[in-house]
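So the structure is just underneath, and the comments pick up after that.
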Amino acid sequence: MEDSTKDRYEFKRIESKWQQRWETEQTNKVSEDPAKDKYYVLEMFPYPSGRIHMGHVRNYSIGDVIARYKRMCGFNVLHPMGWDAFGLPAENAALKRGIHPATWTYENIAYMREQLKAMGLSYDWEREIATCRPEYYRWEQLIFLKLLDKGIVYRKETTVNWCEDCATVLAREQVIDGCCWRCDQQVLPKTMHGWFLKITDYADELLDGLDKLTGWPEKVRTMQRNWIGKSQGLACDFSIEDSDETITIFTTRPDTIFGVTFMSLAVEHPLVESLISGTDQEKPVQEFIQQTLIEKQRNSPEDEQEKNGVFTGKYCLNPFNGERIPIYVANFVLMEYGTGAVMAVPAHDQRDFEFAKKYSLPIRPVVQPSEKQLNSQSMEEAWEADGILIDSGEFTGLRSNDAKKEIINFALKKGFGKPHITYRLRDWGISRQRYWGAPIPVIHCGDCGIVGVPEAQLPVTLPGIDSPDDSHTPLHKQSDFFMTSCPQCGKEARRETDTMDTFMESSWYFARYTSPRKNDGPLDKKAAQYWLSVDQYIGGVEHAILHLLYARFFTKLLRDLGYLDVDEPFSNLLTQGMVIKDGSKMSKSKGNVVDPNDLINKYGADTVRLFSLFAAPPERDLEWNAQGVEGASRFLNRVYRLVTANTDCFTGKKSAVVIKDLNPENRELYRKLHKTIQRVTSSIETNFHFNTAISAVMELVNDINGATAKNQPVDPAVLSLSLETVLLLLSPMTPHFCEELWEITKHGKSIADESWPVCSQEALTEDELTIVVQVNGKVRNRLQVSVDISDEDLKRAALTDERVCKFMDGKKAKKIIVVKRKLVNIVI
RNA sequence: GCGAGAGUGGCGGAACUGGUAGACGCACUGGAUUUAGGAUCCAGCGCACCGAGUGCAUGGGGGUUCAACUCCCCCCUCUCGCACCA
6 MEDSTKDRYE
16 FKRIESKWQQ
26 RWETEQTNKV
36 SEDPAKDKYY
46 VLEMFPYPSG
56 RIHMGHVRNY
66 SIGDVIARYK
76 RMCGFNVLHP
86 MGWDAFGLPA
96 ENAALKRGIH
106 PATWTYENIA
116 YMREQLKAMG
126 LSYDWEREIA
136 TCRPEYYRWE
146 QLIFLKLLDK
156 GIVYRKETTV
166 NWCEDCATVL
176 AREQVIDGCC
186 WRCDQQVLPK
196 TMHGWFLKIT
206 DYADELLDGL
216 DKLTGWPEKV
226 RTMQRNWIGK
236 SQGLACDFSI
246 EDSDETITIF
256 TTRPDTIFGV
266 TFMSLAVEHP
276 LVESLISGTD
286 QEKPVQEFIQ
296 QTLIEKQRNS
306 PEDEQEKNGV
316 FTGKYCLNPF
326 NGERIPIYVA
336 NFVLMEYGTG
346 AVMAVPAHDQ
356 RDFEFAKKYS
366 LPIRPVVQPS
376 EKQLNSQSME
386 EAWEADGILI
396 DSGEFTGLRS
406 NDAKKEIINF
416 ALKKGFGKPH
426 ITYRLRDWGI
436 SRQRYWGAPI
446 PVIHCGDCGI
456 VGVPEAQLPV
466 TLPGIDSPDD
476 SHTPLHKQSD
486 FFMTSCPQCG
496 KEARRETDTM
506 DTFMESSWYF
516 ARYTSPRKND
526 GPLDKKAAQY
536 WLSVDQYIGG
546 VEHAILHLLY
556 ARFFTKLLRD
566 LGYLDVDEPF
576 SNLLTQGMVI
586 KDGSKMSKSK
596 GNVVDPNDLI
606 NKYGADTVRL
616 FSLFAAPPER
626 DLEWNAQGVE
636 GASRFLNRVY
646 RLVTANTDCF
656 TGKKSAVVIK
666 DLNPENRELY
676 RKLHKTIQRV
686 TSSIETNFHF
696 NTAISAVMEL
706 VNDINGATAK
716 NQPVDPAVLS
726 LSLETVLLLL
736 SPMTPHFCEE
746 LWEITKHGKS
756 IADESWPVCS
766 QEALTEDELT
776 IVVQVNGKVR
786 NRLQVSVDIS
796 DEDLKRAALT
806 DERVCKFMDG
816 KKAKKIIVVK
826 RKLVNIVI
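Per this note's numbering, the first sequence starts with residue 6, numbered consecutively.
This is the structure:
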């Protein structure tokens, strides 16, 4: 059992041999070459958590096949790797072990780098970056300052999402079901100052750009669209009776404005206080607000609350018809969306309908559907679709869509309303009260206010890299760090102690790879121009919103700062599925993790790569199967034996084949060989379905095996070409293995420097075809016929076929359908 | 509820613009080789019937067609994402 490796090819020796050779010969080093077409393939860079996991293996295997394939196709391929190295786990681990987060991070990087190298991935390691290095984040600080100048970065006080466990603020994108995306603890609201990026300024461009990203999965585009959440409608003022104040509402259904029967305010709405102060309703409303706030805290956001509210005792006026409208405070109105005030139209909005039913408020239909008559008494639910306006003054009779425009225009003319667009997207809060992140490069001066750190003083580095004791305490507790002087007036001042959200680093790393060592600016424009955008980006779908939206945003920022000239960072996106075992995602808590190290030691990197590519198409989840790995291993061993048993046929020269001179068996094999090139190439080109590419190669291997097993010797030229093709086609997937056999078969150079094989049309032509004969659509026989048989002859052959006659049972053919080169269907 | 995707053997998965359903692999069964195991090789392997053979089969139901995994309509299930968005 434990000696099961003895019959396997020597993957250990072979893999380290080729890894060393690629390194010494700098096989994967690239630079800009205007003479060649570029191809930039990138896998989402890892967080240096300690060891690579199967998800990484799958991700990088996919990327590596694409990189190696494109390279063989003649592209100048950029394929870099780096580390998303800032983040909370480093702090936690450091605290636990009493070491510095940097130490932990760099050790992990060193170990994981070796693991990746052991997989034989074709990275240009000279471009490696780690985002925690000052050489990287200093440029991020510079970009931050430029954005501060432009007003894209600003500071404000808001209610933030606070995670007590992580002791930091979270962006809205990082709050999942009311809990922290990382530690899963309930997130609490907290009021504090923080730094923001005006992503909302780019909302429209981010939204419109999605239409052009045809190389992205529809799913991801839809998710981003929903996240941006653009709604168009009317912002309209309702004046409050006996008051100078007005309530501004936002609605996407101005066509229903004559159906308003009450007004709902969010409990946090700023006007509530003044509405109720000193009135009889003050107490009940206050109580209701308290109650609602408590419930909001307590309940997880999934369960929808019953609609509740309380009358404020005050009225406002519908500007369209002057009607008196009671003002309520309601628990289902969100302060964060629109204006926090909703005009309630119970006949045409389900929530308002439920609320009206509960508090016996009037329901007045104003949009009549064509298929039924709405009646305020008998309605059981709101009619939310379009229709024709009724009881709507001068707008009566218009269709919903026209009415929307007319009503907005009317409000605009009269001055009490205007067209308005609102987004779900909020500005990106980037302040984190953590140690292990890039310091925000500003200084707070009592006299001058906020002052950017002068460019010449960048980077603002993290303190205490050499003193592990308190090195990971948050910066606001380290006076050595925050005590400074104002760069403008020289007085004593306080350095900003927040660090940046780590998503800042991952928002531009792909661009930095194009000039990773540039030391006088973030990007070399020429290099960026040559390489960007990324032609193929690969990673998990869990980043569909966060990282991918931020990276798109940053690309536009860098473009507007003059660093780049592309609008979008990633032209094509492949979202690979998860690695599953026993029905669920591999995770430590589930105890179903498979360590790639163990597999590589047991089977070799090539086998592990091959299996992860073969078991499922990349976008689907991959069910881990230990026996499947055995299968992949078996296949490679079979190829190894097949090639080494036939080294005689390799002469070191290019074999030439004259199709005419081949006997039928050799011709068949030669045809299969070209058919395989065609199938593998198109599998990769159309959708990166490596699983079918591999199965095509397996078929070819089976055929070569079959041919050599027969007594008749295979033509050496056909045999050597077949085996060469197998190696060339497999080489992007199992590179060490193919390099070794390429060398054994007397090819002078590295297989990585060979060209991708080309399918010959001539080789594909056949002189005989198998035609399926159907009777009434059911397959009854197969006929071997010459390719140039006429339809008439084919019909005749089918009709006279013995088996076919049996099924025709003496009946006459009503109709005969002939599909060229494929089938004959006799209808009786 | 809204949006996206998916349902094919025991399993992972194939099937091009409608034209041989189940490629390839795993598992399984039988055989060869072997002292034995492992490895390797050969054969079989959707379901039903004892079988040549014949039926039936791509979540369910209907439809279009000579022909449907593929196109259309209705329904069911699962996965993922969003969710009181006015």
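All C-beta atoms, glycine included, are put in the ideal place defined by N, C-alpha and C.
Review point. Taking the alpha-carbon positions, what's the G711 to D587 distance?
Key: 37 Å
Between the Cα of D170 and those of T775, D154 and L193, spot the shortest distance and give me the residue it belongs to. L193
- In three-state DSSP terms, what is K783? strand
Report the residue from F255, S248 and G234 whose alpha carbon sits nearest the alpha carbon of C241. F255
Just to confirm my understanding: we take T697, look at its own chain, exclude 5 residues before and 5 after, and list those with CB closer than 7 Å. What are they?
S688
- Query: How would you write the range of the alpha helix (DSSP H) that P106 sits in, first residue to last?
  - Reply: P106 to A123
Note down the Cα distance separating W441 from A90, rounded to an integer number of angstroms. 9 Å
Query raised in the report: Name the DSSP bridge partner or partners of E697?
Result: It should be noted that the sequence gives Thr, not Glu, for residue 697. Looking at the DSSP assignment, T697 forms no beta bridge with any residue, so it has no partner.
Beta-carbon proximity of T686 to E704, cut-off 8 Å
no
**Study point:** Minimum C-alpha distance to G398 - residue among P222, M340, L615 and G264
**Key:** G264
Residue range of the unbroken beta strand (DSSP E) whose run includes R329: R329 to A335
Alpha-carbon to alpha-carbon, M384 and N336:
24 Å
Practice problem: Can you tell me which of P574, T136 and P53 puts its alpha carbon nearest to the alpha carbon of E112? | Solution: P53
> What did DSSP end up calling E307 once you bin it into helix, strand or coil?
Replying inline: Only weak support exists for where E307 lies, its pLDDT of 48 falling under 50; the coordinates are left without a value.
CB G87 to CB E133, shorter than 8 Å? yes
Can you look up P194 in the DSSP assignment and give me helix, strand or coil? strand
How many Å lie between V350 and L394 at the Cα?
14 Å
Practice task
Along the alpha helix (DSSP H) that carries F243, what are the first and last residues, could you check?
Solution key: Taken as a continuous stretch (DSSP letters only), F243 belongs to no alpha helix (DSSP H), being part of the beta strand (DSSP E) at S236 to I245.
Q. Taking only runs of the alpha helix (DSSP H) that begin and end inside the region 757-821, which ones reach a length of at least 4 residues, in chain order?
A. 766-769, 796-805 and 807-813
* Asked: Does DSSP put P360 in a helix, a strand or coil?
  -> Contrary to the premise, residue 360 reads as Phe rather than Pro in this sequence. Residue state, collapsed to three classes: helix.
- Item | Among T344, E341 and F360, nearest to Y333 - alpha-carbon criterion | F360
Using the Cα positions of E7 and K607, report the straight-line distance between them to the nearest angstrom.
With a pLDDT of only 39 at E7, under 50, the local geometry of the prediction cannot be trusted, and the value read off the model is given with reservation. Their Cα atoms are separated by approximately 10 Å.
Practice item. Apply the 10 Å Cβ neighbour rule to I426 and answer buried if 16 or more other Cβ atoms are within range, or exposed otherwise. Key: exposed
Counterpart residues of K43 in DSSP-defined beta bridges:
N81
Exercise. Thinking just about the alpha-carbon of each residue, which of E501, G544, E729 and D357 is nearest to the one in S436?
Worked result: E501
- Query: Considering only residues of the same chain and omitting the five flanking positions on each side of I233, which have a CB-CB separation below 7 Å?
  - Reply: A208, L211, L212, Y428, R429 and L430
Starting from R643, trace the alpha helix (DSSP H) in both directions and tell me its first and last residue. A631 to T649
| request: Could you tell me whether the Cβ atoms of I281 and E287 are closer together than 8 Å? | output: yes
Next on the checklist: In whole angstroms, give me the CA-to-CA distance for N81 and G125.
Outcome noted: 19 Å
Under the three-state DSSP convention, the category Y142 falls into:
helix
query = Under 8 Å, do D260 and I412 count as touching if we go by C-beta distance?
reply = yes
Check your understanding: How long is the line joining the alpha carbons of A99 and C450, rounded to whole angstroms?
Key -> 33 Å
How many angstroms separate the CA atom of I822 from the CA atom of I831?
7 Å
Check: For the putative contact between H709 and W433, defined by C-beta atoms under 8 Å, what is the C-beta separation to the nearest angstrom?
Finding: The amino acid at residue 709 is misidentified as His; the sequence shows Ile. So it is not a contact: roughly 57 Å between Cβ atoms.
query: Using CA coordinates, which residue listed in G469, V180 and V447 is at the minimum distance from E460?
result: V447
Buried or exposed: C494, going by 16 or more other Cβ atoms within 10 Å of its Cβ? exposed
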